[in-house]
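Listed in order, the protein sequences are those of chains V and B. If you're matching positions, the first sequence starts at 1 in the UniProt record's numbering and goes up one per residue. If you're matching positions, the second sequence starts at 1 in the UniProt record's numbering and goes up one per residue. In this text, a Cβ means the ideal position worked out from N, Cα and C, and glycines have one as well. All values reported here derive from a predicted model rather than from experimental measurement. What follows is a short report on a single structure.
Protein chains: 2
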Amino acid sequence: MCEQTLKDLVDRYTAVSFSVTTLAGSLVKEEIGSEITSDQYYTLKTIYQTGSCTSTHLAEVFAVKKSAITAIINRMWDKGLIKRTRDENDRRIVYLTLTEQGEEIYFMLERRIYKLVESFISKFDEAEISQFLKTYEKLNEVLIEIKENKVEKQS
Amino acid sequence: MCEQTLKDLVDRYTAVSFSVTTLAGSLVKEEIGSEITSDQYYTLKTIYQTGSCTSTHLAEVFAVKKSAITAIINRMWDKGLIKRTRDENDRRIVYLTLTEQGEEIYFMLERRIYKLVESFISKFDEAEISQFLKTYEKLNEVLIEIKENKVEKQS
DNA sequence: GTTTAATAGTTAAATAGTTGAACTATTCAT
DNA sequence: ATGAATAGTTCAACTATTTAACTATTAAAC
């Protein structure tokens, strides 16, 4: 790939990704509702997807300090969304899981997000969006690789 | 498009977009540096891109209340990144522009983001990423349309 | 032309998210 | 047994956001 083409592609990617991020962020804020904040939704989703999730794991995934996780988990625990369970073998570890109420709110938000995504996915034809998703999923793999290399370097 | 295919596409989009957003967010946090917060970068970028930007415009773009904009602009003004200029004809309006120092930091962050994006765009071949960007840009247009319809409804 | 509406932005209190540094409790290594 | 490493918490300081009340200015009605 020549210099000029690469520069053009990078410029287009940064421009469109900034715009989509801003627009999607603002739409989600307006459409998805205010039961919990978006950080709390991200936390619910990651705990739900991870079997036996810990504060350390959340801190690593979101690239924040563990004290920030303690704070957000405290607020969500106060609202009755999250359970804490100590590991019986290693009593330093605290496992995080969703309470019934936590799951209810999570599923409700997932349904609303589904509707929102459906409303614009349906404006594309299937072949187009399939090809798009294939590359998007490959981008995801590339990012996972970069992230894993960074984590290895740190340890 | 049949029900089943649409559901599959929406599910794939929500999954990959959540994962990429989380990963990219964490990489940007670790790579781009801590001169300013990401909200402040978004503010710098939007002011730079908009001729004669106002608080009202920023509040609309980011879907937050105007008082939140006042607060962030105050902090950035304290750091010498932003200038305020009153409109001579309509003295209610305050135009926001970047100071020289604000532009310097903005350009520096843009260069770092360019390097980061380049490092993963170059892992794709040109045809693949071109096709991807075409659909991504169309998605951007669709989102702009949705946003404009929402703004019209409100007024 | 004066009163009323609407618009642009600010202030202040309350809540949420984040960092950095010091801390407790527990496990691992030797 | 003792010292290092790991998992998580606490606290002070800061940033980001909302809600509601506020100032200043312009536009609209009458």
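On a CA-only basis, which of the options is nearest residue i? Give me that one, please.
| i | options | result |
| --- | --- | --- |
| V:TYR48 | V:GLU35, V:ILE129, V:GLU110 and V:LEU6 | V:GLU110 |
| V:LEU23 | V:ALA127, V:PHE120 and V:ASP125 | V:PHE120 |
| V:GLU103 | V:ASP87, V:LEU116, V:LYS83 and V:VAL117 | V:LYS83 |
| B:ASP78 | B:ILE36, B:ASP87 and B:GLY25 | B:ILE36 |
| B:THR5 | V:ILE93, V:GLU60, V:PHE132 and V:GLU126 | V:GLU126 |
| B:ARG112 | B:VAL142, B:GLU30, B:GLY51 and B:THR46 | B:GLU30 |
| V:CYS53 | V:ASP87, V:LEU27, V:SER34 and V:VAL28 | V:ASP87 |
| V:GLY25 | B:SER34, B:LEU27 and B:GLU60 | B:GLU60 |
Excluding sequence positions up to five away, which residues of its chain have a Cβ less than 7 Å from the Cβ of residue i?
| i | result |
| --- | --- |
| V:THR43 | LEU58, ILE72 and MET76 |
| V:THR70 | SER55 |
Buried or exposed: which applies to residue i, given that a residue is buried once 16 or more other Cβ atoms fall within 10 Å of its Cβ?
| i | result |
| --- | --- |
| B:CYS2 | exposed |
| B:GLN101 | exposed |
| B:THR55 | One detail in the question is off: residue 55 of chain B reads as Ser in this sequence, not Thr. So B:SER55 counts as buried. |
| B:LYS7 | exposed |
| V:ASN74 | exposed |
| B:ASN140 | buried |
| B:LYS65 | exposed |
| V:LYS147 | buried |
At the level of alpha carbons, what is the spacing between residue i and residue j?
| i | j | result |
| --- | --- | --- |
| V:SER130 | V:ILE144 | 21 Å |
| B:TYR106 | V:SER17 | 17 Å |
| V:ASN89 | V:LEU96 | 16 Å |
| V:ASP39 | V:ALA68 | 11 Å |
| V:ARG91 | V:PHE62 | 24 Å |
| B:THR99 | B:ILE32 | 21 Å |
| V:TYR136 | B:PHE132 | 8 Å |
| V:GLY80 | B:LYS134 | 44 Å |
| V:TYR41 | V:VAL142 | 25 Å |
| B:LYS45 | B:MET108 | 12 Å |
| V:SER122 | V:ILE93 | 44 Å |
| B:LYS150 | B:GLY51 | 23 Å |
| B:VAL20 | V:SER34 | 24 Å |
| B:LYS138 | V:LYS138 | 20 Å |
So, under 8 Å CB-CB, residue i and residue j are touching, yes? Tell me the CB distance rounded to an integer number of Å.
| i | j | result |
| --- | --- | --- |
| B:THR14 | V:TYR13 | No, B:THR14 and V:TYR13 are not in contact; Cβ-Cβ is about 21 Å, not under 8 Å. |
| B:VAL10 | V:GLU118 | 5 Å |
Spatial neighbours of residue i within its chain, please: C-beta separation below 6 Å, excluding the five flanking residues on both sides.
| i | result |
| --- | --- |
| V:THR85 | TYR95 |
Please list, in chain order, all residues of the same chain as residue i whose beta carbon is under 8 Å from its beta carbon, the five residues on each side excluded.
| i | result |
| --- | --- |
| B:VAL28 | SER38, ILE113 and LEU116 |
| residue 170 of chain V | In the structure as shown, chain V begins at 1 and stops at 155. Residue 170 of chain V is therefore absent and cannot be evaluated. |
I'd like to confirm something about residue i: is its beta-carbon nearer than 6 Å to some heavy atom of the ligand FAD, or not?
| i | result |
| --- | --- |
| V:ALA24 | Among the ligands in the structure shown, none appear at all, so the ligand FAD cannot be discussed. |
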